[in-house]
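Everything below concerns the one structure shown next.
Right under this line is the structure:
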């Protein structure tokens, strides 16, 4: 005798795993009842991390103001955020680990 399928409510964290896109994020995020979070999607996976605290946000806002004059004087710019990909190994391979206790 077959066991009937268990009915459960739609859960975007479960049902959309591996499928996340910008359109789905706009439709289903933020998720009611979840603490404030920062959402990122990579290869269809949703990555949730705690939202920054106010002290960190203040420091992140002030840092470019402090750096911009020197950066402009040197012909450069100071950015508040950059997209960084991990897992890319620079020419010559990864750096050697630091010795412990040193």
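Residue numbers (the UniProt record's numbering): 1 to 102.
Every residue, glycine too, gets a C-beta built ideally from N, C-alpha and C.
- Pairing residue 18 with residue 44 gives a Cβ-Cβ distance under 7 angstroms.
- Just so you know, the alpha carbons of residue 71 and residue 7 end up roughly 58 angstroms apart.
- Per DSSP, the beta bridge partners of residue 40 are 47.
- In the displayed model, residue 13 falls within a helix according to three-state DSSP.
- For residue 51, the CB contacts under 7 angstroms within the same chain, skipping 5 residues up- and downstream, are 36, 37 and 38 in chain order.
- About 6 angstroms separates the beta carbon of residue 24 from that of residue 16, a gap short enough to meet the 8 angstroms contact definition.
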